[in-house]
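**Q** For reference, the structure I am asking about is given below.
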Amino acid sequence: MIIMDQKKERLDILLVKNGIFESREKAKAEIMCGNVLVNNNVVDKPGTLVSVESNITLKQKMCPYVSRGGLKLEKALEVFAVNVRDKVVLDAGASTGGFTDCMLKRGAKRIYAVDVGYGQLAYSLREDNRVIVMERKNVRHFTLTDVGEQVDLITADLSFISLSKVFNVFYELLKPEGDLITLIKPQFEVKREEVGKHGVVKDAKLHVRAISDVISSANQCGLYVINLTYSPIKGPKGNIEYLAHFRKDRTDNSIIDIEAIVNKSHNELS
5 MIIMDQKKER
15 LDILLVKNGI
25 FESREKAKAE
35 IMCGNVLVNN
45 NVVDKPGTLV
55 SVESNITLKQ
65 KMCPYVSRGG
75 LKLEKALEVF
85 AVNVRDKVVL
95 DAGASTGGFT
105 DCMLKRGAKR
115 IYAVDVGYGQ
125 LAYSLREDNR
135 VIVMERKNVR
145 HFTLTDVGEQ
155 VDLITADLSF
165 ISLSKVFNVF
175 YELLKPEGDL
185 ITLIKPQFEV
195 KREEVGKHGV
205 VKDAKLHVRA
215 ISDVISSANQ
225 CGLYVINLTY
235 SPIKGPKGNI
245 EYLAHFRKDR
255 TDNSIIDIEA
265 IVNKSHNELS
């Protein structure tokens with residue numbers, strides 16, 4: 005007996021063909037949000053080839069943003085009570101544009117979407133006249149001349165670099181009364197030998213130290229932590245991540261219980 009191989013199709017294309025989404029862009033967003041199950045397993049890469057006979061379902065209601073990153077920033081804006089309406093923003097590490105999309109939906113006036121990569125930003129965001137696309141740009145080497153103005157808010161979702169390398173840049177680009185929201189990824193803040201299998205850092209003590217080191221680095225550059233929370237979803241490889249709110253002034257005198265926040269994140273997400 006000859007068994008014919010099942011026909012395979014890109015997951016994003018198959019979702020549109022099956023009428024689950026009206027466009028590939030929306031399909032990609034839902035896939036990257038981790039919301040698409042193929043035979044009860046999460047598949048988060050739009051280009052994954054799957055059998056046309058696969059059982060494809062959604063975990064929950066559709067992701068409102070072009071990528072899952074928007075869900076992370078959404079929580080930060082709510083917990084930190086940061087209002088982005090009519091604000092000028094620099095989104096460092098914009099990638100697909102989850103953060104950018106979240107802020108546009110909340111009324112941001114203008115967003116500089118900066119990323120070292122090329123061609124990743126969602127088409128709908130490229131077409132939005134409030135978005136200034138700055139691709140193939142390493143924010144580590146940015147100066148005020150590159151942007152042309154100080155901004156009200158900086159958001160940062162950076163990979164393969166410690167935040168300690170960019171706080172001095174953020175200080176220069178941020179208005180005196182501005183806000184900085186950074187995603188803290190322990191895997192890029194600890195020593196290389198402390199990173200576990202598949203790039204995951206599981207040890208809560210390492211998370212506490214990573215966050216403390218980030219806050220210390222920010223302080224040295226004149227930026228002071230106001231609040232801290234954890235991301236509602238894990239990173240692509242399964243890392244627990246954190247969101248920190250910084251400002252240039254120290255009037256708040258906030259005392260952050262880093263260990264309590266880390267423990268809570270591990271209890272909820274591990």
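Numbering (this note's numbering), first residue to last: 5 to 274. Here a beta-carbon is modelled for each residue, glycine too, at the ideal position from N, C-alpha and C.
What does the alpha-carbon distance come out to for the pair residue 188 and residue 10?
**A** Computed Cα separation, rounded: 42 Å.
**Q** Is it the case that the CB of residue 79 approaches a heavy atom of the ligand COA more closely than 7 Å?
**A** As presented, the structure is devoid of all ligands, the ligand COA included, so that no description of it is given.
**Q** Can residue 60 and residue 41 be called in contact, C-beta distance under 8 Å?
**A** The answer is yes: Cβ separation under 8 Å.
**Q** Leaving aside the five residues before and after residue 17 along the sequence, list all residues of the same chain whose C-beta is less than 7 Å from its C-beta, in chain order.
**A** Answer for residue 17: 28, listed in chain order.
**Q** Taking the straight line between their C-alpha atoms, what separation do you get for residue 235 and residue 12?
**A** Going from the Cα of residue 235 to the Cα of residue 12 covers about 34 Å.
**Q** Helix, strand or coil: which one does DSSP assign to residue 312?
**A** What the structure shows of the chain is the stretch from 5 to 274, and residue 312 is not part of that stretch, so it cannot be assessed.
**Q** Among the residues of its own chain, which have a CB less than 7 Å from the CB of residue 98, if the five just before and after it don't count?
**A** If we look at residue 98 and ignore the five residues flanking it on each side, its Cβ neighbours are 104, 117, 118, 119, 125.
**Q** Go ahead and label residue 183 buried or exposed: buried means 16 or more other beta carbons lie within 10 angstroms of its beta carbon, across all protein chains shown.
**A** Burial call: buried.
**Q** Should residue 7 go down as buried or exposed, given a rule of 16 or more other Cβ atoms within 10 Å for buried?
**A** For residue 7, the predicted model reports a pLDDT of 47, less than 50, meaning its position is unreliable; a value from the coordinates is still stated below. Answer is exposed; the Cβ neighbour count stays below 16.
**Q** Residue 37 to residue 181, Cα distance in whole Å?
**A** One C-alpha to the other measures close to 33 Å.
**Q** Whose C-alpha, out of 84, 171, 71, 158, is nearest the C-alpha of residue 260?
**A** Nearest of 84, 171, 71, 158 to residue 260, Cα basis: 84.
**Q** Give me the Cα-Cα distance between residue 48 and residue 74, rounded to the nearest whole angstrom.
**A** Approximately 15 Å, taken between the alpha carbons.
**Q** Are three or more beta carbon pairs between the region 84 to 95 and the region 144 to 164 nearer than 8 Å?
**A** Short answer: they touch.
**Q** In the DSSP assignment, what residue or residues form a beta bridge with residue 12?
**A** In the DSSP output, where bridge partners are listed per residue, residue 12 has 55.
**Q** With DSSP run on the structure shown, which of helix, strand or coil describes residue 251?
**A** If DSSP states are grouped into helix, strand and coil, residue 251 belongs with the strands.
**Q** Name the one or two DSSP bridge partners that residue 117 has.
**A** 95, 137.
**Q** Name the two residues that bound the continuous alpha helix (DSSP H) containing residue 175.
**A** Element bounds for residue 175: 171 to 177.
**Q** In whole angstroms, what is the alpha-carbon distance linking residue 233 and residue 197?
**A** Computed Cα separation, rounded: 26 Å.
**Q** For residue 128, which option in 190, 207, 122, 70 has the closest C-alpha, if you only look at C-alpha atoms?
**A** Per the Cα distances, 70.
**Q** Since residue 222 is in the alpha helix (DSSP H), which residue starts that stretch and which ends it?
**A** First-last of the alpha helix (DSSP H) with residue 222: 208 to 224.
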